[in-house]
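Quick notes on the structure that follows.
Structure below.
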């Protein structure tokens, strides 16, 4: 497992992106959200990340400049 990036998010949350390599060569991206003492982990495969990336890109395009 290797940390790729740590992002400070609103409301005192920290998002850590980690690459996870399993035996057999499968790789996943772990999205770890830390809020206080609580952790939420999402382990995502490339296909799911591609879908999520499209959704986030669309949302960002519709909301840039609103804040």
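In our numbering, the protein residues as written are 34 to 100. Where a beta carbon is used, it is the ideal one built from N, C-alpha and C, also for glycine. Computed from a predicted structure; not experimentally measured.
- In the DSSP annotation of this structure, the continuous segment of the beta strand (DSSP E) that includes residue 41 starts and ends at 35-42.
- Cβ atoms of residue 60 and residue 54 come within 8 Å of each other, at about 5 Å.
- Linking residue 98 to residue 80 through their CA atoms gives a straight-line distance of about 29 Å.
- If one requires a minimum length of 4 residues, the alpha helix (DSSP H) runs lying completely within the stretch 37-98 are 79-96, in chain order.
- Between residue 52 and residue 62, the beta carbon gap of about 6 Å places them in contact (Cβ cut-off 8 Å).
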